[in-house]
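Protein sequences appear in the order of chains D and H.
In this text, residue positions in the first sequence follow this note's numbering: the first is 1, and each later residue adds one.
In this text, residue positions in the second sequence follow this note's numbering: the first is 1001, and each later residue adds one.
Structure first, commentary second.
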Amino acid sequence: MTESTIFLLTFILYIISAFFYLAFLFSKKPGRAKIGSVMAVIGLVLHTAALIVRTVESGHAPFTNMYESLSFLAWASVLAFIIIDKKFGIPRIGPYLMLIAIGLVALASSPLMPKDVTPLVPALQSYWLWLHVSVTLLGEAFFAVAFITSLMYLTAKEPEKKERMDSVSYRCVAVGFPLFTLGGLVFGMVWAYKAWGTYWSWDPKEVWSLITWIVFALYLHTRIVMGWKGKRSAIIAIIGFLAALFTYFGVNYLLAGLHSYA
Amino acid sequence: MKRILKFFTSIKLAIVLLIILAAASILGTLIPQDRSLEEYAARYGTLSTLFVRLQLTGLYHSIWYLTLLGLVALNIIVCTLERLSPKWRRATKPHITADAKSLSALKTNVRIKRSAPLADVQSEVTKLLAGAHYKVRTETQGPRIAVLARKRIGGIFGSDAVHLGLLIILAGGILSGVTSVRENIPLYEGDIKPVLKADFKVRLDKFTTEYYPDGSVKAWKSDLTVLEKKTPVLSKTIAVNHPLTYKGYSFYQTSYGWNWDSPAVEIWAKSKSDPAYLKKMTLKVGDRALLEDKGQTTIAVQRFLPDFVLGESNQPENRSDQPNNPAALIEGFRGAEKVFSGWIFANYPDFAQMHAANDKDKGAETDLAFELKKFEAGQFSVLEAAKDPGANLIWIGCALLMLGLGLAFYWPTWEIKAVLEESQGKTDLVAGGVAAKSREAFGAEFENIAAALRRSK
Ligand code: HEM
């Protein structure tokens, strides 16, 4: 099977998964959420296969252009969701997360994104590409889950559901923050030092990573030291994810800089 | 002084500073940084002088941004130090109290009555807690026994490691800003050049560009040799992502270029009236060569431009050093007299036109046609030599930062306190637990221990 066939199957499975999760949301029958989660897992396995095929065919990491990194972000988000759901049992966020994953996969498949395998420019030929991008995007995937649980916190009515969403948001940030710090900032600096001889050059993408990081540092400090919880925490987590999103997309399209590859 | 210190212990100040820092950083991504005055004038008009004066055009090394970073550092130092000594005391010389009332006020607590003597219950509690990897301390206080059990106490220092890491990173940044040296060294093959402020030299032995089948660049490679007083001591092929490091200096492949002063140009001459005639020759700029044609013409390459454009007054100009539109100016002579001249283009072989050189022949074209087939220019490699003593501090800071995050989030300190008191052969036990992190897992563990205590007779 070719990469595009597997990718299409992944897409279909994610859609089926979202469908069952939605059915669960309306019917409250746990069996439907179960099917949704099984479909998401099968979809993730296929998605992994598609990424592996791509890696083997191109001979380099599967995140060197927009198509590849969108696909990888979708993969990481589904993975983050499956991990969080396994640990905390929150199928309610399933439909929203799967819709985000479907959106990312659809965007990746759109004709706007060139899918050709292109050879790597010299600056990207490094194993730090793997470490830097995969760990960063995995961290951002956990921020994406925190984003959804924070939105659900704001829209939920029952206090016990709110409480749950608040605590899951925090747990997602507690995973995402160290990953983002390691991948985005530490590995980013190490790689920049190896490739260009400067670990930090105030390039817009670097600055926006820093801003994202500061927003989540604010989330942690207001929570731990000032005891903020609930609504205000949820709003900060939402802003943090939007900053991450801007770092990822906005900087490429709206601001110019060194990181113009992907 | 005290008031100032007090001000910097405030975590609210930290929140405000971080918000300002984020906002300022955003501003710096909206205004392009470190461009020329003309560019700012074109972009912002009259506002540009204000921007320059407020240092918004070099924001990240402006006095006020650095001051902001300094305030953050001061805030971290004061805030962390203030909390550190109580924390240290808590870790090393914990206060063991036996206050049943405050224990039962804790969220996680239990009260058990056992019909066993105090000593038995005490050893049982100690054993259970030790079995769950708690470090147990007991203290007899009058008729009561107080128990303090903790595990993973290192976790409380997670945030301190994070903050110390951040301070070291900031210090590294300052050190880099003050002491780092950096220069670009362009080298032709065979060149030997000194390195800024260093007592050794570097020699470029070979420079190669590798291409992918589609023509895009795969790699630039420079074979570099370090010379100590003319003696080679180290050789390495450097490429992007693969620098050479020697005596604290690193050499990076940053760029490359061509020497367009005297490229070797291959030219084919054809005759319009005689299809069988073809003469190939390779010339350098300024060289002349005899064409064995009817008129015994000599030709010369007068100029070569890698990226030909017509300038404002219709004069040929070079747009860049990239060979985007290579062009050569050919001149033809009969004897000493110039008879024609014209530009020929590698990318547009049909575009060439030879013009008569003097007025009396005007309009009459030569019978000869020329094509620019190939050109070869010497390439030079541009290396960046950098010495940045601050970088080591950055890596130490990063390691501490990650260690601290690991401790803060994944090494949760858990604490169980208990008071045991005997009355009429029975023992009354009150216990409570505190966990700043992973409360659910802690609650489950606490419940397990309590259940085990209840079960045993
Ligand atoms: C602006 C100055 C800052 C001050 C005054 C400050 C102060 C504090 C304080 C008082 C704590 C609680 C310590 C404890 O009780 O254990 C804390 C925790 C923490 N701080 Fe900061 N901080 C600052 C900046 C930062 C920054 C920029 C970061 C970047 C990531 C950071 C990361 C952390 C982390 C990860 C924790 C631990 C949070 C947790 O345990 O969940 N801090 N900070």
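A virtual CB, placed ideally from N, CA and C, is assigned to each residue, including glycine.
(message) Can you check whether the C-beta of D/Trp-130 is within less than 8 Å of a C-beta belonging to chain H?
(response) Closer than 8 Å: no.
(message) By the 8 Å beta-carbon criterion, what residues does the region 1211-1232 of chain H contribute toward chain D?
(response) Under the 8 Å Cβ criterion, the region 1211-1232 of chain H contributes Tyr-1212, Asp-1214, Ser-1216, Val-1217, Lys-1218, Ala-1219 and Trp-1220.
(request) Determine the burial state of H/Gln-1315: buried for a count of at least 16 other Cβ atoms within 10 Å of its Cβ, exposed for fewer. (result) Counting every other CB atom within 10 Å of its CB across the protein chains shown gives H/Gln-1315 a total below 16, marking it as exposed.
(message) Just to confirm before moving on: does the CB-CB distance between H/Phe-1008 and H/Leu-1050 stay below 8 Å?
(response) Contact flag unset, no.
(request) Work out the CA separation of H/Gln-1379 and H/Lys-1197 for me, nearest whole Å. (result) Cα atoms of H/Lys-1197 and H/Gln-1379: separation of roughly 27 Å, rounded to the nearest angstrom.
(message) Considering Cα atoms alone, identify which of D/Trp-208, D/Gly-183, D/Lys-29 and D/Pro-178 is closest to H/Leu-1407.
(response) For H/Leu-1407, the closest of D/Trp-208, D/Gly-183, D/Lys-29 and D/Pro-178 by C-alpha to C-alpha distance is D/Pro-178.
(request) List the residues of chain H whose Cβ lies closer than 9 Å to the Cβ of D/Met-226, in chain order. (result) Simply Ile-1011, Lys-1012 and Ile-1015.
(message) Quick check: the Cα distance between H/Ile-1076 and H/Gly-1397, rounded to an integer number of angstroms?
(response) Each residue's alpha carbon lies about 14 Å from the other.
(message) Whole angstroms are fine: how far does the CA of H/Phe-1442 sit from the CA of H/Asn-1096?
(response) For clarity, residue 1096 of chain H is Ile in the given sequence; the question names Asn instead. Taken atom to atom, the span from the alpha-carbon of H/Ile-1096 to that of H/Phe-1442 is near 21 Å.
(message) Tell me which residue opens and which closes the beta strand (DSSP E) that H/Gln-1055 is part of.
(response) That residue, H/Gln-1055, is in no beta strand (DSSP E); it is neither H nor E in DSSP.
(request) Answer yes or no: the CB of H/Gly-1459 versus the heavy atoms of ligand 1, is any distance below 7 Å? (result) Lying outside 1001 to 1457, the shown extent of chain H, residue 1459 of chain H is not represented and no answer is given.
(request) Indicate whether H/Leu-1400 and H/Gly-1165 have their beta-carbon atoms separated by less than 8 Å. (result) Yes, Cβ-Cβ distance for H/Leu-1400 and H/Gly-1165 is below 8 Å.
(request) Kindly list, in the order they appear in chain D, the residues whose Cβ is closer than 7 Å to that of H/Tyr-1252. (result) In chain order: Trp-196 and Gly-197.
(request) Could you name the residues of chain D that H/Val-1136 contacts, counting a contact when the two beta carbons are closer than 8 Å? (result) The premise fails here: H/Val-1136 is roughly 28 Å from chain D at the closest Cβ pair, so nothing lies under 8 Å.
(request) Look up D/Met-66 in the DSSP assignment and say whether it is helix, strand or coil. (result) In the structure shown, D/Met-66 sits in a helix (DSSP, three-state: H, G or I).
(request) Note down, in chain order, every chain D residue with its Cβ under 8 Å from the Cβ of H/Pro-1243. (result) The answer, in chain order, is Lys-194 and Gly-197.
(request) Express the C-alpha separation of H/Pro-1213 and H/Phe-1351 in angstroms, rounding to a whole number. (result) Looking at the backbone, the Cα of H/Phe-1351 and that of H/Pro-1213 are separated by about 29 Å.
(request) Check whether the Cβ of D/Arg-32 sits closer than 7 Å to any heavy atom of ligand 3, and report yes or no. (result) As far as ligands go, the structure on display features ligand 1 and does not contain ligand 3.
(message) So that I know if they touch, is there some Cβ in chain H lying closer than 8 Å to that of D/Phe-20?
(response) Cβ-Cβ to chain H under 8 Å: no for D/Phe-20.
(message) Is the separation between the beta-carbon of H/Val-1430 and that of H/Ala-1100 shorter than 8 Å?
(response) For H/Val-1430 and H/Ala-1100, yes; Cβs fall inside 8 Å.
(request) Mind listing the chain H neighbours of D/Ser-126? Cutoff is C-beta to C-beta under 9 Å, in chain order. (result) Those within 9 Å of D/Ser-126 in chain H are Val-1240, Asn-1241 and His-1242.
(message) Using a Cβ-Cβ distance cut-off of 8 Å, determine whether D/Ile-334 contacts chain H.
(response) Any property of residue 334 of chain D remains undetermined from this structure, which presents chain D solely from 1 to 262.
(message) My output table needs one value for H/Tyr-1211: the three-state DSSP class, helix, strand or coil.
(response) The three-state reading of DSSP puts H/Tyr-1211 in strand, counting E and B together.
(request) Measure the beta-carbon distance from H/Tyr-1040 to H/Thr-1057 and round it to whole angstroms, keeping in mind my assumption that it falls under 8 Å. (result) Indeed, because the Cβ distance is near 6 Å, the residues count as touching under 8 Å.
(request) Tell me, please, which residues DSSP counts as bridged to H/Tyr-1246. (result) Its beta-bridge partners are H/Tyr-1249.
(message) Between D/Ala-217 and ligand 1, is there a pair consisting of the residue's CB and a ligand heavy atom that are separated by less than 7 Å?
(response) Yes, ligand 1 has a heavy atom inside 7 Å of this Cβ.
(request) Mark H/Glu-1440 as exposed unless 16 or more other C-beta atoms lie within 10 angstroms of its C-beta, in which case mark it buried. (result) H/Glu-1440 is exposed by the Cβ-count criterion.
(message) Taking its Cβ as the centre, do 16 or more other Cβ atoms sit within 10 Å of H/Glu-1183, making it buried, or is it exposed?
(response) Taking a 10 Å sphere around the C-beta of H/Glu-1183, we find fewer than 16 other C-beta atoms and assign the residue as exposed.
(message) If contacts are defined as beta-carbon pairs under 8 Å, then H/Ala-1219 and D/Pro-122 qualify, I think. What distance do you get, rounded to the angstrom?
(response) The pair is a contact, with the Cβ atoms about 5 Å apart (cut-off 8 Å).
(request) Could you spell out the range, first to last residue, of the beta strand (DSSP E) harbouring H/Gln-1315? (result) H/Gln-1315 -> no beta strand (DSSP E), and no H or E assigned at all.
(request) Find the nearest neighbour of D/Ile-90 within the set D/Ala-74, D/Tyr-153, D/Ile-238 and D/Gly-176, judged by alpha-carbon distance. (result) The option with the nearest alpha carbon to D/Ile-90 is D/Tyr-153.
(request) Leaving out five residues on either side along the sequence, give the residues of the same chain with a beta carbon under 8 Å from the beta carbon of H/Glu-1422. (result) Close CB contacts of H/Glu-1422 within its chain, under the 8 Å cut and outside five residues either way in sequence, are with Pro-1117, Leu-1118, Pro-1143 and Asp-1428 (chain order).
(request) Determine the chain H residues that contact D/Pro-178 at a beta-carbon separation under 9 Å, and present them in chain order. (result) Counting only Cβ-Cβ distances below 9 Å, D/Pro-178 has contacts in chain H at Met-1402, Leu-1405, Gly-1406, Ala-1408, Phe-1409 and Tyr-1410, in chain order.
(request) Please list the partners that H/Gly-1028 has in chain D, where partner means a Cβ-to-Cβ separation under 9 Å. (result) Near H/Gly-1028 (Cβ distances below 9 Å), the residues of chain D are Trp-202, Pro-204 and Val-207.
(message) Can you confirm whether H/Gln-1055, when its beta carbon is compared against all beta carbons of chain A, has any partner nearer than 8 Å?
(response) Chain labels in this structure do not include chain A; the protein chains are D and H.
(message) Per the DSSP calculation, D/Gly-94 is bridged to which residue(s)?
(response) In DSSP, D/Gly-94 forms no bridge with anything.
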